[in-house]
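Protein sequence lines correspond, in order, to chains F and S.
Mind the numbering: the first sequence is residues 1 to 321 in the numbering used here, read in order.
Mind the numbering: the second sequence is residues 1001 to 1319 in the numbering used here, read in order.
Just so it is clear, CB atoms sit at the ideal spot from N, CA and C, and this is done for glycine as well.
For clarity, every value in this text was computed on a predicted model and none was experimentally measured.
Have a look at the structure below, then the notes.
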Amino acid sequence: MAEPLLAIKNLKTYFISKDAEVRAVDGIDIEVQPRQVVCIVGESGCGKSMTSLSIMRLVPKPKGKIVDGEIWFNGRDLLKLSEDEMTDVRGNEISMIFQEPMTALNPVLTIGEQITEVLLRHRKLTKRQALAKAIEMLQFVGVPRASEIVHEYPHQLSGGMRQRVMIAMAMVCEPKLLIADEPTTALDVTIQAQVLELMKKMREDFDTSIILITHDLGVVADMADHVVVMYAGQVVESTDADSLFAEPTHPYTKGLLASIPSLEEEKDVLYSIPGTVPDAAAFPQGCRFADRCPIAQPSCREKMPELREVKPGHFVRCDLV
Amino acid sequence: MGTYVVRRVLGMIPMVFLITVFVFLIMHAAPGNAFDAIMNPAIKDIEQLKEQLEHNAGLDQPLWWQYVHWLGLFVTGNWGFSFTHHVPVTDLVGPAIRNTLILGILAEVLTIAVGVPFGILQARNPYGKFDYTSNIVLFCLYSVPFFVFAIFMIYFFAIDLQWFPAQGSTGTGPNAGTLGDHLYHALLPALSLAVVNSTVYSRYTRGSMLDVARKDYVRTARAKGLEEGRVFTKHVFRNGMIPIVTQFGLDFGNMVGGLIITEGIFQYQGMGQLVIDAVNGRDYNVIMATTVLIAIGVLIGNLLADILYAVVDPRIRYD
């Protein structure tokens, strides 16, 4: 396989305050190949958003801190770049779209100002050229009346349109990597499908790799080449999308897949994994899923299982499978 | 926007009308009138003279008639004579408005020029050393009534150091009447108003900037690769100023109250001084003219703040 575009190695992002150390991301390894769509799946608080913010080096300061690890992107360790060098990467080589398109756009600036801002930062263009490029990009992502929309404000657009604007803004410098943090969660189902289609088109046309963060397994099935399942700040399973759905191996992944309602079965109560995610400030010593795991053994609580390769390219953090 | 302004201006007319009725009634409810104040009690036949003067001024007419008479003249531009100064009211209010505007604008500019940057500096490093120490200092300043502050200012800067005049709105030297001299005289009273007011602005600014700094769109701005300085000026500052503009609008009313007292302390010949003198001398025509002008001033100020509000926040549209 070719050199990965992005390789995260043993990344640890902690939130450190006086009386607690919250280990939001606790030693994860993820690789993204060129043109690949990698989905990071997991429930709220498992560290998937913090992983993406760590790649961008936008972890909330001053409490959040990347304490260890390497993030290799295009032959450079992003964690070793200066803040100035990092601003050249953001929005240009790696860009990001967020969950809530209403709050992620600045309410007092026009759409045009917000898109041209990226171009003027990273490309040597005049304002007029930048605006033309912004309109072109908006048309590309399927925004109607693009030449009028650039003079409008975010509150004048619908949720789906705003997310398209976000995508146009993120893609306008043709980045090599797009990180999408639950881009469809705030949208209704038909718009969701359109936005996902659009992201696929982006990959086709710009050869962009995508990290898609989601808790929606339907989205994963639709989009992913490779899936990383996260639980309590760690990767618990990592494999290609087909084998994840065909043979989920980690008990947590099995639980997630079992929670999907199916049309064939008549059930009164949907399956859910019992219990809750352990407190990230006080993780147990052994396997973090042990308290909720249907097959847990006493040995699970003593020693943290390693992520091991059960089949070529299929990694699982469980000693029992 | 145009129709909105016209509608608001038309809406001011009944408002000002009601204010005049109210002030007219209160004014006449106060005991005595202008002639009690200006007549020498030793004059022979004082009662007869007083009756004569009151008759000439129309004060023996029923109250409603006096009001209608005043209103009729007022709207046609005839604001009457001052009983105590013996000059047309218009001659008195002209320079007074000018002086008060100089003082008020200077005070407001100083307030914002001090308060807003302070708040921004505090928000840059919240709960840091500068934030804590400046907060303690500002809180102490806020706790001092501005008129007490004004007296200290006079003591130190006018009497002790002799840097500024202790009173008046312009001097007598070769510079008398120039804008520079007016500003020089207005600086001390403006400062005494501004220092206390700016503490309020710094708190508002600090809170607002910190609030905006946490917003998602600021994270988006960083994710675009903008430098911190640009993130601040274009994204944090512009949004953070919206509540400050609201505060600015509310300030017009407070400012008038502060100006009246400050002008009194500094013997500054502005509207405030004129109002106090007129009320003390029961100088009816001057009271009415100054009250109407101040009311219109406050209403226009509020309108300006509303317009400014729409300028800084595109989500607000008046149509």
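- For F:Glu237, the enclosing beta strand (DSSP E) stretches over residues 234-240.
- CA-CA distance, S:Thr1178 to S:Tyr1184, rounds to 10 Å.
- Sequence-distant Cβ neighbours of S:Asp1060 in its own chain, meaning closer than 6 Å and more than five residues away, are Glu1054.
- In this model, S:Asp1306 and S:Thr1111 are separated by some 20 Å (Cα to Cα).
- Looking at the DSSP output, F:Leu177 bridges to F:Ile94, F:Ser209.
- At least one CB atom of chain F sits nearer than 9 Å to the CB of S:Leu1226.
- Taking C-beta atoms under 8 Å as the contact rule, F:Ser272 and F:Ser259 qualify, at a distance of about 6 Å.
- Rounded to whole angstroms, the separation of the alpha carbons of S:Ile1105 and S:Met1039 is 39 Å.
- Only those residues of the segment 206-219 of chain F whose C-beta falls short of 8 Å from the nearest C-beta of chain S would be listed, and there are none.
- S:Leu1063 sits close to S:Leu1025, with the two beta carbons spaced by under 9 Å.
- By the beta-carbon neighbour count (other beta carbons within 10 angstroms, threshold 16), S:Gly1297 is buried.
- Rounded to the nearest angstrom, the Cβ distance from F:Asn10 to F:Gly69 is 5 Å, consistent with a contact under 8 Å.
- Two segments are said to touch when three or more pairs of C-beta atoms, one from each, lie closer than 8 Å; by this definition the segment 83-102 of chain F touches the segment 1222-1229 of chain S.
- Rounded to whole angstroms, the gap between the alpha carbons of F:Ser209 and S:Gly1115 is 48 Å.
- Within chain S, the C-beta atoms nearer than 8 Å to that of F:Pro107 come from Tyr1217, Asn1239, Asp1313, Pro1314, Arg1315, in chain order.
- Of all residues in the segment 257-269 of chain F, none has a C-beta nearer than 7 Å to a C-beta of chain S.
- With distances taken between CA atoms, S:Phe1035 lies nearest to S:Asp1283 out of S:Ala1289, S:Asp1283, S:Tyr1318.
- Counting the other CB atoms within 10 Å of its CB gives S:Gly1128 a total below 16, which places it among the exposed residues.
- Here S:Asn1197 carries a helix assignment [DSSP, helix/strand/coil].
- Within a 10 Å sphere around the beta-carbon of F:Lys176 sit 16 or more other beta-carbons, which makes this residue buried.
- Identification of residues in the segment 1079-1105 of chain S having a C-beta nearer than 7 Å to some C-beta of chain F yields an empty set.
- Identification of residues in the segment 23-50 of chain F having a C-beta nearer than 7 Å to some C-beta of chain S yields an empty set.
- Within 7 Å of the CB of S:Ala1223, the CB atoms of chain F belong to Met56, Leu58, Arg90, Gly91, Ser95, Met96, in sequence order along the chain.
- Note that the segment 1197-1217 of chain S touches the segment 1116-1136 of chain S; at least 3 beta-carbon pairs, one per stretch, sit closer than 8 Å.
- Close partners of F:His250 in chain S (Cβ separation under 9 Å) are lacking, with about 32 Å as the shortest Cβ gap.
- By a beta-carbon distance limit of 8 Å, F:Pro251 contacts F:Pro294. Their separation comes to about 6 Å.
- Residue pairing of F:Lys63 in beta bridges, as defined by DSSP: absent, with no partner found.
- By the neighbour-count criterion, in which a residue is buried when 16 or more other Cβ atoms sit within 10 angstroms of its Cβ, S:Cys1140 is exposed.
- Closer than 9 Å to the CB of S:Lys1234 there is at least one CB belonging to chain F.
- The shortest CA-to-CA distance from F:Ala24 to any of F:Arg288, F:Gly47, F:Phe315, F:Val32 is the one to F:Gly47.
- Every unbroken stretch of the alpha helix (DSSP H) spanning 4 or more residues and falling wholly within the segment 134-206 of chain F is given here in chain order: 146-149, 159-171, 189-206.
- Between the segment 156-165 of chain F and the segment 190-197 of chain F there are three or more C-beta pairs closer than 8 Å, enough to call the two in contact.
- Under DSSP, the beta-bridge partners assigned to F:Asp68 are F:Lys12.
- Beta-bridge analysis with DSSP links F:Phe73 to F:Leu6, F:Arg76.
- Comparing C-alpha distances from S:Val1218 to each of S:Asp1313, S:Val1231, S:Tyr1204, S:Gly1207 shows the shortest one belongs to S:Val1231.
- Considering only beta carbons, the part of the segment 146-162 of chain F lying closer than 8 Å to chain S consists of Tyr153, His155, in chain order.
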